[in-house]
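Here the structure comes first, spelled out in structure tokens, and everything after it is commentary.
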Amino acid sequence: MKKIYLSIVVVAVSASSFAQSLQEQTIMQQTVTSAVARDVVLPAHNSALTDPTDTLGFDELGAQLIQYGSNSGYVFGTNELVDPTQGSQFNLEYARGFIVNDPFTVIGAGFIFGSKEDVSGAPVAAEARLYNIAPNRAIGTQTSTAPDADGPAASVLASADLAFADADTTFPNITWVDFDSEAWVPSDFIIGLNIAALYNGANPADTLALLADADGDSDGDYTFTRIGLSPTSPASQTLWAKSGVLLVDGLANNLAIFAVVAESPNSIEEQGFLNGVKATMFPNPAVSSDNVTIQYGLETAAKNVELSIVNVNGQVVYTSAEGAKASGLYNLNVPAGTLSSGSYIYVLNADGARIAKRMEILK
Numbered sequence: 037m038k039k040i041y042l043s044i045v046v047v048a049v050s051a052s053s054f055a056q057s058l059q060e061q062t063i064m065q066q067t068v069t070s071a072v073a074r075d076v077v078l079p080a081h082n083s084a085l086t087d088p089t090d091t092l093g094f095d096e097l098g099a100q101l102i103q104y105g106s107n108s109g110y111v112f113g114t115n116e117l118v119d120p121t122q123g124s125q126f127n128l129e130y131a132r133g134f135i136v137n138d139p140f141t142v143i144g145a146g147f148i149f150g151s152k153e154d155v156s157g158a159p160v161a162a163e164a165r166l167y168n169i170a171p172n173r174a175i176g177t178q179t180s181t182a183p184d185a186d187g188p189a190a191s192v193l194a195s196a197d198l199a200f201a202d203a204d205t206t207f208p209n210i211t212w213v214d215f216d217s218e219a220w221v222p223s224d225f226i227i228g229l230n231i232a233a234l235y236n237g238a239n240p241a242d243t244l245a246l247l248a249d250a251d252g253d254s255d256g257d258y259t260f261t262r263i264g265l266s267p268t269s270p271a272s273q274t275l276w277a278k279s280g281v282l283l284v285d286g287l288a289n290n291l292a293i294f295a296v297v298a299e300s301p302n303s304i305e306e307q308g309f310l311n312g313v314k315a316t317m318f319p320n321p322a323v324s325s326d327n328v329t330i331q332y333g334l335e336t337a338a339k340n341v342e343l344s345i346v347n348v349n350g351q352v353v354y355t356s357a358e359g360a361k362a363s364g365l366y367n368l369n370v371p372a373g374t375l376s377s378g379s380y381i382y383v384l385n386a387d388g389a390r391i392a393k394r395m396e397i398l399k
């Protein structure tokens with residue numbers, strides 16, 4: 037990735053709010069220079085799918101997924117912003133928040149990537165991370181003088197390496213990763229993608245970019261970027277900000293980052309909502325001769341509800357377009373024989389709300 041010098045606007049943050057290595061530098065902003073959009077295609081009703089390009093239909097991500105670029109790299113990917121007087125500022129990690137009203141056990145994450153390039157010839161792994169949400173952990177506005185917004189807590193609850201070769205850029209495939217250990221979260225949480233190692237000490241950087249939806253598809257309160265003066269800066273010498281703060285004209289959208297949570301032993305009636313939806317499956321594990329029932333609940337009415345099942349490679353193997361639904365509980369039956377033995381993730385999407393859980397099919 038080339039180092040490109042450009043005119044920079046700065047956000048004045050007091051030295052006392054920065055980690056030690058950032059005390060002499062203000063936050064630099066960049067301008068979005070490109071936005072390559074790809075349409076999200078809605079699935080057919082109750083169809084068994086075999087084409088690996090079929091999509092999940094992520095309603096919460098709006099009608100399009102977009103790869104944003106700037107003069108210094110990807111807005112949500114490898115990005116080194118350089119100023120002749122202040123030096124470099126690297127985007128090291130991206131994160132998305134999830135709002136829940138009950139505890140959950142988080143077991144993994146999913147990402148939709150737009151592009152990647154092996155520049156070094158030996159790219160290392162990125163890292164998926166799980167955090168609690170904590171107050172005063174991120175720069176919240178372009179007039180903030182100290183971290184004043186919710187953001188990722190200091191401690192990482194769980195993590196997993198994501199090999200560069202495994203990052204699938206075939207749209208709209210999802211790259212799934214299991215955390216090294218399951219983590220119980222009592223309330224709202226955040227999933228991040230740490231790409232610091234891809235810079236190879238900044239010489240040269242292997243590039244990787246996440247997709248996101250359009251400006252205005254969210255309020256931007258739970259989309260975060262971690263910045264530092266060096267790719268090797270320890271976490272204590274880096275800073276989180278709402279992603280829109282780092283752009284001259286702002287940006288309020290959702291990153292294509294998803295959470296996978298464990299099945300609950302409780303009935304669907306007793307389970308809490310995650311971002312306004314909940315779901316359970318039985319039997320789980322099931323055998324291929326079973327009729328599988330997926331129950332789901334909506335906290336509020338939704339104009340468009342979809343249920344999809346994806347395999348471990350991120351390919352959609354079954355989908356049901358449920359259409360408009362009032363708030364309440366619903367049952368969906370997946371016919372016996374639809375799924376062969378193996379591990380899957382079932383995904384419920386309802387207007388801006390999503391939950392994903394693991395399912396097992398035995399012989």
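Our numbering numbers the first residue of the sequence shown as 37 and each following residue consecutively.
For glycine and all other residues, C-beta sits at the position ideal for the given N, C-alpha and C.
- The beta carbon of S379 lies closer than 7 Å to those of V348, R394 and E396 in the same chain, with the five residues before and after it left out.
- In the three-state reduction of the DSSP assignment, G176 falls in the coil class, being assigned neither a helical nor a strand state.
- Per DSSP, Y258 lies in no beta strand (DSSP E) segment and is marked neither H nor E.
- Short of 8 Å from the beta carbon of A392, and not among the five residues preceding or following it, lie these beta carbons of its own chain, in chain order: G146, F294, A295, V296, V297, I381, Y382, V383 and L384.
- Along the length of the segment 331 to 378, whole beta strand (DSSP E) runs at least 3 residues long occupy 338 to 347, 352 to 361 and 364 to 370, reported in chain order.
- The way I'd put it, the segment 114 to 123 does touch the segment 234 to 242; three or more beta-carbon pairs between them come closer than 8 Å.
- Between P188 and P301, the alpha-carbon positions lie close to 28 Å from each other.
- Sixteen is the threshold: since fewer than 16 other Cβ atoms of the shown chains lie within 10 Å of the Cβ of D285, the residue is exposed.
- Counting along the chain, T211 sits inside the beta strand (DSSP E) bounded by residues T211 to V221.
- A contact between stretches requires three or more CB pairs, one per stretch, nearer than 8 Å, and the segment 257 to 273 meets this requirement with the segment 121 to 139.
- For secondary structure counted as the beta strand (DSSP E) over 3 or more consecutive residues, the segment 101 to 158 holds these complete runs in sequence order: 116 to 119, 123 to 134, 140 to 147 and 149 to 153.
- Annotation for G187: the continuous beta strand (DSSP E) segment containing it runs A185 to P188.
- The C-alpha of G133 lies about 13 Å from the C-alpha of V221.
- With a cut-off of 8 Å on Cβ pairs, the segment 98 to 108 is not in contact with the segment 193 to 203, counting fewer than three such pairs.
- The C-beta separation of F149 from L287 comes to about 19 Å, leaving the pair out of contact by the 8 Å criterion.
- Nearest C-alpha to N311 among P139, M64 and I63: P139.
- Separation of the CB atoms of S324 and S356 is rounded to 19 Å, and the pair is thereby denied contact status at 8 Å.
- Cα atoms of P319 and L334: separation of roughly 21 Å, rounded to the nearest angstrom.
- Taking a contact to require three or more Cβ pairs closer than 8 Å, the segment 335 to 344 and the segment 357 to 371 qualify as touching.
- Annotation for Q125: M64, L117 and I263 place their beta carbon closer than 6 Å to its own, counting only its chain and skipping 5 residues before and after.
- Taking the Cα positions, F309 is about 6 Å away from V136.
- Distance between L398 and P321, taken at the CA atoms: about 7 Å.
- N320 carries a coil assignment under DSSP once its states are collapsed to helix, strand and coil.
- Secondary-structure assignment with DSSP links I231 through no beta bridge to anything.
- Excluding five sequence positions before and after G256, the CB atoms of its chain that fall closer than 8 Å to its own CB belong to K278, S279, G280, G286, L287, A288 and N289, given in chain order.
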